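Novice: Take a look at this one; I'll ask things after.
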Amino acid sequence: MRHSPAVEVNGLVKRYGASVAVDGLDLVAASGQVTAVLGPNGAGKTTTVEICEGLRRADGGEVRVLGHDPVRDATALRPLVGVMLQDGGLPNTQRAGDVLRHVSRMYAEPADTGELTERLGLASFARTSVRRLSGGQRQRLALAVALVGRPRLVFLDEPSAGLDPQARRAVWDLIGELSDDGVSVVLTTHFMAEAEALADRVVIVDHGRAIAAGTVAELVDSGGTTTLRVEAAQPLDAAAMALALGPGFTVQSAGRTACSVSGPVDPGAVAALARGLADAGKQLTRLELGRRTLEDVFLDLTGRSLR
């Protein structure tokens, strides 16, 4: 039986005065899967997710969350959707444990708060006020609050931001278990390793539009699967290297004595390049041919300039 998407966005538009934050964006998050939404700062991903959560109103397009309109049907959706905001959205004066217990009482069949407390390591700061929690502790509490209602769909904004490696692994394991149990997850993240580890599907957003979508493997394999990293004792000309390798190779990053280019596999061209660099007096200290990563794809699509 084919399940309807957990989230379906068609032609979404959101303006703030003269500024267009979301410009005809399309996005689908499949039921029971983890969908990662990636994008540079200001790309429109947070606004899109906030509209899906019912926190903002769209100026155009259509949004369906579990088959409902997130604004008009907010009352019906509230028991079905968990939301973890990056800033937590938690009451600063209350103790962490009290916050979790209070939220749990809002649901008819909440999750076991004791189990969530143990899984996310909340016991050590359960009696501490929210304002005194570290960034990582706030993140863990916010995740527990998002999950305590046993949601069918959960939105997670930067779920591992500020977490140490042990806490990050615990959060990743918990997200994986949610998906295994049929819970739909939509997460935004700047941490490419997080998307690679968790996502069944990735949507890359830039300038208010979805510019690429697919599994990690599909995105990484598109446009060539090889990254060539070269380092030398003398300055390198990255553009000349890409040109020497042939059509399809592009410069990913370049420094004075190190550069990275990507393109289709051609071991012969790589060997010829190495000989050419040696003939030009370049003493190679590293020549490494490797698979492109999701970060390589992200930078290829969105650029490398700071925003």
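Here the working numbering is used: the first residue of the sequence shown is 21, the next is one more, and so on.
Just so you know, even glycine gets a beta-carbon here, dropped at the ideal spot from N, CA and C.
All of these numbers come straight from a predicted model, not from anything done at the bench.
#1: Name the DSSP bridge partner or partners of His23?
#2: Label Ser154 either buried or exposed according to how many other C-beta atoms from any shown protein chain fall within 10 Å of its C-beta, with 16 as the threshold for buried.
#3: Should Arg306 go down as buried or exposed, given a rule of 16 or more other Cβ atoms within 10 Å for buried?
#4: Check whether the region 118-128 and the region 198-216 are in contact - that is, three or more C-beta pairs closer than 8 Å.
#5: Need the endpoints of the beta strand (DSSP E) that Thr322 sits in, please.
#6: When you compare only the Cα positions, how much space is there between Asp299 and Arg276?
#7: I believe Ala94 touches Arg139 by the beta-carbon criterion, under 8 Å. Please report the beta-carbon distance rounded to the nearest angstrom.
#8: Pull up the DSSP beta-bridge partners for His122, would you.
#9: Figure out for me which residue from Arg311, Glu178 and Ser51 has the closest Cα to the Cα of Val101.
#10: Which one of Val69, Ala292, Ala230 and Leu293 has the shortest CA to CA distance from Phe318?
#11: Are the region 216-223 and the region 148-167 touching, with three or more C-beta to C-beta distances below 8 Å?
#12: If you measure between the beta carbons of Val48 and Thr68, is that distance less than 7 Å?
#13: Cα separation between Met21 and Ala264?
#14: Could you pull the DSSP bridge partners for Ile231 from this structure?
#15: Using a threshold of 7 Å, state whether the C-beta atoms of Glu251 and Ala278 are closer than that.
#16: Taking DSSP as the reference, what is the three-state secondary structure of Ala252?
#17: Between the Cα of Arg312 and the Cα atoms of Ala291, Thr322, Ala294 and Glu238, which residue gives the shortest distance?
#18: Kindly list the residues whose CB is nearer than 6 Å to the CB of Lys65, restricted to its own chain and excluding five residues on each side of it in sequence; keep chain order.
#19: For Glu73, which residues of its own chain have a beta-carbon under 6 Å away from its beta-carbon, when the five flanking residues on both sides are left out?
#20: Just verifying my parser: in three-state terms, what is the DSSP assignment at Ser199?
#21: Compute the distance between the beta-carbons of Gln114 and Val150, then report whether it is under 7 Å.
#22: Using CA atoms only, rank isn't needed, just tell me which of Ala291, Gly141 and Thr235 is closest to Thr55.
#23: Is it buried or exposed, Asp193, if we count other Cβ atoms within 10 angstroms and call 16 or more buried?
#24: Short of 8 Å in beta carbon distance, which residues of its chain neighbour Val40, apart from the five on each side in sequence? Order them along the chain.
#25: Taking C-alpha atoms, which residue in Ala143, Ala215 and Ala96 lies nearest to Asp118?
#26: In angstroms, rounded to a whole number, what distance separates the CA positions of Leu173 and His122?
#27: Report buried or exposed for Gly37, applying the criterion of at least 16 other Cβ atoms within 10 angstroms of its Cβ.
#28: Do you know offhand how far Thr137's Cα is from Leu86's?
#29: What are the boundary residues of the beta strand (DSSP E) that Val223 is part of?
#30: CB-CB under 6 Å to Glu70, same chain, minus the five flanking residues each way: which ones, in chain order?
#31: Below 8 Å on the Cβ atoms is my guess for Pro17 versus Thr246; work out the distance and round it to an integer in Å.
Specialist: On the basis of the coordinates in this document:
#1: Residue numbering aside, residue 23 sits at position 3 when the sequence shown is read from its first letter. DSSP lists no partner for His23.
#2: Sequence index remark: in the sequence shown, residue 154 carries index 134 (1-based). The residue in question, Ser154, is exposed, as its Cβ has fewer than 16 Cβ neighbours within 10 Å.
#3: Against the sequence shown, residue 306 aligns to sequence position 286. Around the CB of Arg306, fewer than 16 other CB atoms lie within 10 Å, so the residue is classed as exposed.
#4: Pairwise C-beta distances place the region 118-128 out of contact with the region 198-216, as fewer than three of them are shorter than 8 Å.
#5: Start at 1 with the first residue of the sequence shown, and residue 322 comes out as number 302. Careful: Thr322 lies outside any beta strand (DSSP E), inside the alpha helix (DSSP H) at Leu314 to Thr322.
#6: Translated into positions along the sequence shown, residue 299 becomes position 279. Translated into positions along the sequence shown, residue 276 becomes position 256. Asp299 and Arg276 have their C-alpha atoms some 19 Å from each other.
#7: Mapped onto the sequence shown, residue 94 falls at position 74. Mapped onto the sequence shown, residue 139 falls at position 119. Contact between Ala94 and Arg139 is absent: CB atoms are separated by about 29 Å, not below the 8 Å threshold.
#8: Here the question's residue 122 lines up with position 102 in the sequence shown. Partner residues in a beta bridge of His122, as assigned by DSSP, do not exist.
#9: What you label residue 101 is simply residue 81 of the sequence shown in a count that begins at 1. Checking every option, the nearest Cα to that of Val101 belongs to Ser51.
#10: Counting from 1 along the sequence shown, the entry for residue 318 is found at position 298. A check of alpha carbon separations from Phe318 across Val69, Ala292, Ala230 and Leu293 identifies Ala230 as the nearest.
#11: Counting Cβ pairs under 8 Å, fewer than three are found: no touch.
#12: Taking the sequence shown and counting its residues from 1, one reaches residue 48 at position 28. Taking the sequence shown and counting its residues from 1, one reaches residue 68 at position 48. Going by C-beta atoms, Val48 is not nearer than 7 Å to Thr68.
#13: Counted from its first residue, the sequence shown places residue 21 at position 1. Counted from its first residue, the sequence shown places residue 264 at position 244. Confidence at Met21 is low in this model, with a pLDDT of 43, below 50, so its placement is unreliable and no value can be given for it.
#14: The sequence position of residue 231 within the sequence shown is 211, counting from 1. Listed as beta-bridge partners of Ile231 by DSSP are no residues whatsoever.
#15: For the purposes of this step, residue 251 is identified with residue 231 of the sequence shown, where counting begins at 1. For the purposes of this step, residue 278 is identified with residue 258 of the sequence shown, where counting begins at 1. Note that the C-beta distance between Glu251 and Ala278 is below 7 Å.
#16: Position 232 of the sequence shown, counting from 1, holds the residue named residue 252. It is a strand residue.
#17: As a working mapping, residue 312 is identified with position 292 in the sequence shown. Closest by alpha carbon: Glu238.
#18: Here residue 65 refers to the residue found at position 45 of the sequence shown. The answer, listed in chain order, is Val57, Gly59, Thr208 and Val225.
#19: Translated into the one-based positions of the sequence shown, residue 73 becomes position 53. The residues Val103 and Phe175, in chain order, have a CB closer than 6 Å to that of Glu73 in the same chain once the five nearest residues on each side in sequence are set aside.
#20: For the purposes of this step, residue 199 is taken as the residue at position 179 of the sequence shown. The DSSP-derived three-state label of Ser199 is helix.
#21: Reading the sequence shown from its first residue, position 94 is the one you call residue 114. Reading the sequence shown from its first residue, position 130 is the one you call residue 150. Yes, the Cβ-Cβ distance between Gln114 and Val150 is below 7 Å.
#22: Residue mapping note: residue 55 aligns to position 35 of the sequence shown, counting from 1. Nearest of Ala291, Gly141 and Thr235 to Thr55, Cα basis: Thr235.
#23: Here residue 193 refers to the residue found at position 173 of the sequence shown. Flag for Asp193 reads exposed.
#24: For the purposes of this step, residue 40 is identified with residue 20 of the sequence shown, where counting begins at 1. These residues qualify, in order along the chain: Val33, Lys34 and Gly228.
#25: By one-based count along the sequence shown, residue 118 stands at place 98. Of the listed residues, the one whose Cα sits closest to Asp118 is Ala143.
#26: Numbered from 1 along the sequence shown, position 153 holds the residue referred to as residue 173. Numbered from 1 along the sequence shown, position 102 holds the residue referred to as residue 122. The straight-line gap separating the alpha-carbon atoms of Leu173 and His122 is approximately 21 Å.
#27: On the sequence shown, position 17 is the one that residue 37 refers to. Around the C-beta of Gly37, fewer than 16 other C-beta atoms lie within 10 Å, and the residue is accordingly described as exposed.
#28: Numbered from 1 along the sequence shown, position 117 holds the residue referred to as residue 137. Numbered from 1 along the sequence shown, position 66 holds the residue referred to as residue 86. If you draw a straight line from the Cα of Thr137 to the Cα of Leu86, it comes to about 28 Å.
#29: Start at 1 with the first residue of the sequence shown, and residue 223 comes out as number 203. Run containing Val223: Arg221 to Asp226, per the beta strand (DSSP E) assignment.
#30: Position 50 of the sequence shown, counted from the first residue, corresponds to residue 70. So the list reads Arg76, once near-sequence residues are dropped.
#31: No answer is possible for residue 17: it lies beyond the span of the chain, which begins at 21 and ends at 327.
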